[in-house]
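Under my numbering, think of the first position of the sequence shown as 1, with each following residue one higher. Where is the CB? At the ideal position from N, CA and C, for every residue including glycine. Only a predicted model underlies this, so the values are computations on that prediction, with no experimental measurement involved. Working notes for the structure below.
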Amino acid sequence: MPLQYLLPAMVAFVFVILADYAGALRALNVYFYPDQNGVFLSDDSDPRATGRCD
1 MPLQYLLPAM VAFVFVILAD YAGALRALNV YFYPDQNGVF LSDDSDPRAT
51 GRCD
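What follows is the structure, given as structure tokens:
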């Protein structure tokens, strides 16, 4: 009986911990290498197309 609640909770906990670990690694990578171009940090949009001309 407790196993039916404990097993999904453990799987969800492991999933959240792994996602948190991956996010922490990504944050440290951005912190220590701020000039590195990354997939999530690149802004390839044309500012004239979006109306954000500075």
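| query | If you draw a straight line from the alpha carbon of G23 to that of I17, how long is it in whole angstroms? | reply | Numbered from 1 along the sequence shown, position 23 holds the residue referred to as residue 23. Numbered from 1 along the sequence shown, position 17 holds the residue referred to as residue 17. So the two alpha carbons sit approximately 10 Å from each other.
| DSSP three-state call for Q4: helix, strand or coil? | Here the question's residue 4 lines up with position 4 in the sequence shown. Q4: helix per DSSP, three-state reduction.
| D20 - DSSP class collapsed to helix/strand/coil | In the sequence shown, counting from the first residue as 1, residue 20 sits at position 20. Note: D20 maps to helix in three-state DSSP.
| message | Does Y33 come out as helix, strand or coil in the three-state DSSP assignment? | response | Taking the sequence shown and counting its residues from 1, one reaches residue 33 at position 33. Correct three-state label for Y33: coil.
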